[in-house]
Ligand code: NDP
Ligand code: HEM
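In our numbering, the protein residues as written are 17 to 501.
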């Protein structure tokens, strides 16, 4: 027996949590049973909107330990010196499934990291892939519509997916990763993470560098085939939660090697493609990887809803020394996430314990729903800015260096002059014969019911990557090889 007394939310001790208050033994319930009313009302409010994408997720807390000095690239306190540790939270996710989706489904995985740095939260909201399906944010909602349920059938639609992809050659790189072995990891510990976009770092001297972030699994890559995944899902829909949560509970702390690729601001000319294009990687031979540190997860959340479901990651959470790049996808994401959080969690979502920075917060924002926390400026008279009341002030020493841009404002065709085939080809050529055969089979397995005209259009794109790619998928589909004209 506990010696803690059960109470209402207002702290009043509860005498009986088994029996409602009724008029007579069999009688109706009295309106004055406020304990029953409170319990039912709370239950009705236990759900919030799920994330519009990446709804199913798994997460844990841990730390980054810096093992190499990169302070020449960035003044960010997180990279201050070798041995520096910073607390962090990672939430992994699938993109398309709802909150109750099975874990072992083929899909891109989200890999979101919140670094609780000394100068505010830095969120790196990436995926387990270094590239993405589209390169222009105007296409993101359309793309997501093809991944979610069809409005009439309420089923996922392979026709919509392949229709969109076959009309969007920039998707080929990510599509090839998705249907390769890495498209279905065994659990989050066994996959890499990537910041994916190009970001910028800037140092204490005001010099800017372009950067890509990589997190290489130290558990080794492990993947399911489609058949293995079907068997797993037949047993449990929660294989990732069980593996990640259980592993951490039993002291098996997953780790990743954090690495960066860096080029000085002026060196963008070394690329023969747009280095801010999210459908491209920076080849390692062109820009080698450098170590930064080790990321480790070592603590499970004590309440999943409070700490993982209510976690709010946003590419707009940047700190001095780390900034965006001109990547148009990243620019749109800087708007989209905080907007989503205000809708999903409410105005003051950053004050929730999981999102609250571990450094002082002094804003002049006021009031609003659930204004429950202390974010005062430290002085009740200083509630506007500028003031002569000693309130917090801007600090020009953390200003980002100016960015040189040029050009004419118009809607530039992002497909013009872009090679969508060379990098998927480089990836295809990395695969051994077994990997290629599984790629063909995985693609074909996802194309059930897709009209032939769409299949042929997609096979035409695969052929531009590599003739073997198209021929392999065609054979896996059981389609006749077209006679050359
Ligand atoms: P490298 O040979 O130097 O690197 C190959 C990269 O491919 C490694 O990072 C490896 O990851 C990764 N890889 C291996 N198998 C797969 C797979 N099935 N799905 C996704 N990634 C895989 O070559 P380049 O840098 O010249 O790149 C060649 C191709 O490799 C690219 O076109 C791209 O598709 C892919 N790639 C490149 C990355 C980059 O940042 N340059 C990052 C990830 C993929 P690991 O080291 O963990 O085994
Ligand atoms: C989640 C928008 C591209 C990775 C989300 C959410 C939105 C969104 C609205 C839900 C946020 C929430 O409710 O908490 C967009 C838009 C994009 C885009 C508008 C393009 C213009 C990308 C890309 C990546 C990515 C390119 C990876 C490189 C993620 C991840 C999550 C997420 C990992 C889950 C975050 C979490 O764990 O809470 N996205 N997204 N998204 N997105 Fe994107």
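C-beta: ideal position from N, C-alpha, C; glycine also.
Residue i: CB within 6 Å of a non-hydrogen atom of ligand 1
i, result
"residue 459", "no"
"residue 240", "no"
"residue 193", "yes"
"residue 391", "no"
"residue 146", "yes"
"residue 275", "no"
"residue 232", "yes"
"residue 442", "yes"
"residue 201", "no"
"residue 270", "no"
"residue 358", "no"
"residue 235", "no"
"residue 196", "yes"
"residue 300", "yes"
"residue 170", "no"
Residue i Cβ short of 6 Å to ligand 4 heavy atom set
i, result
"residue 104", "Although ligand 4 was asked about, the structure shown includes only ligand 1 and ligand 2 as ligands."
C-alpha gap between residue i and residue j, whole angstroms
i, j, result
"residue 24", "residue 37", "15 Å"
"residue 379", "residue 297", "38 Å"
"residue 194", "residue 124", "6 Å"
"residue 367", "residue 433", "46 Å"
"residue 140", "residue 328", "12 Å"
"residue 481", "residue 437", "5 Å"
"residue 116", "residue 53", "29 Å"
"residue 424", "residue 430", "15 Å"
"residue 173", "residue 467", "12 Å"
"residue 43", "residue 35", "12 Å"
"residue 88", "residue 465", "55 Å"
"residue 227", "residue 340", "10 Å"
"residue 287", "residue 356", "35 Å"
"residue 381", "residue 390", "12 Å"
"residue 412", "residue 377", "17 Å"
"residue 67", "residue 113", "10 Å"
"residue 502", "residue 496", "An answer regarding residue 502 cannot be provided, because it is not within the stretch 17 to 501 covered by the chain."
"residue 238", "residue 18", "45 Å"
"residue 232", "residue 442", "20 Å"
"residue 369", "residue 463", "44 Å"
"residue 73", "residue 349", "19 Å"
"residue 396", "residue 104", "32 Å"
"residue 446", "residue 242", "21 Å"
"residue 299", "residue 185", "20 Å"
"residue 455", "residue 492", "10 Å"
"residue 408", "residue 393", "6 Å"
Ligand 2 heavy atom lying under 6 Å from the CB of residue i
i, result
"residue 353", "yes"
"residue 405", "no"
"residue 156", "yes"
"residue 142", "yes"
"residue 369", "no"
"residue 340", "no"
"residue 386", "no"
"residue 348", "yes"
Whole-Å CB distance - residue i paired with residue j, under 8 Å assumed
i, j, result
"residue 144", "residue 208", "6 Å"
"residue 337", "residue 92", "3 Å"
"residue 110", "residue 80", "Actually they are not in contact, since the Cβ atoms of residue 110 and residue 80 sit about 25 Å apart, beyond 8 Å."
"residue 151", "residue 283", "Rounded, the Cβ-Cβ distance is 21 Å, inconsistent with contact."
"residue 106", "residue 76", "6 Å"
"residue 289", "residue 212", "No, residue 289 and residue 212 are not in contact; Cβ-Cβ is about 15 Å, not under 8 Å."
"residue 451", "residue 197", "6 Å"
"residue 206", "residue 374", "Not a contact, Cβ separation roughly 30 Å."
"residue 307", "residue 273", "7 Å"
"residue 332", "residue 353", "6 Å"
"residue 335", "residue 303", "Going by Cβ atoms, the distance from residue 335 to residue 303 rounds to 23 Å, so no, they are not a contact pair."
"residue 529", "residue 22", "Because the chain is modelled from 17 through 501, residue 529 falls outside the range shown and cannot be assessed."
"residue 122", "residue 56", "Not confirmed; about 41 Å, so no contact."
"residue 277", "residue 305", "6 Å"
"residue 271", "residue 311", "7 Å"
"residue 319", "residue 261", "13 Å between Cβ atoms; not a contact."
Beta-ladder partner(s) of residue i, from DSSP
i, result
"residue 216", "226 and 339"
"residue 452", "Residue 452 pairs with nothing; no bridge assigned."
"residue 38", "45"
"residue 271", "312"
"residue 79", "103 and 312"
"residue 3", "No information on residue 3 is available, as it lies outside the stretch 17 to 501 that the chain covers here."
"residue 278", "227"
"residue 232", "273"
Chain D contact for residue i (CB, 7 Å cutoff)
i, result
"residue 121", "As a matter of chain content, chain D is missing from the structure shown, which is built from one protein chain."
Quiz item: Counting pairs of Cβ atoms below 8 Å between the stretch 448-460 and the stretch 480-499, do you hit three or more?
Solution: yes
Self-check item: Cβ pair count under 8 Å reaching 3, the stretch 215-226 against the stretch 410-424
Solution: Yes, since at least three Cβ pairs between the stretch 215-226 and the stretch 410-424 fall closer than 8 Å, the two stretches touch.
Quiz prompt | Validate contact between the stretch 248-256 and the stretch 178-189 using beta carbons, cut 8 Å, 3 pairs | solution = no
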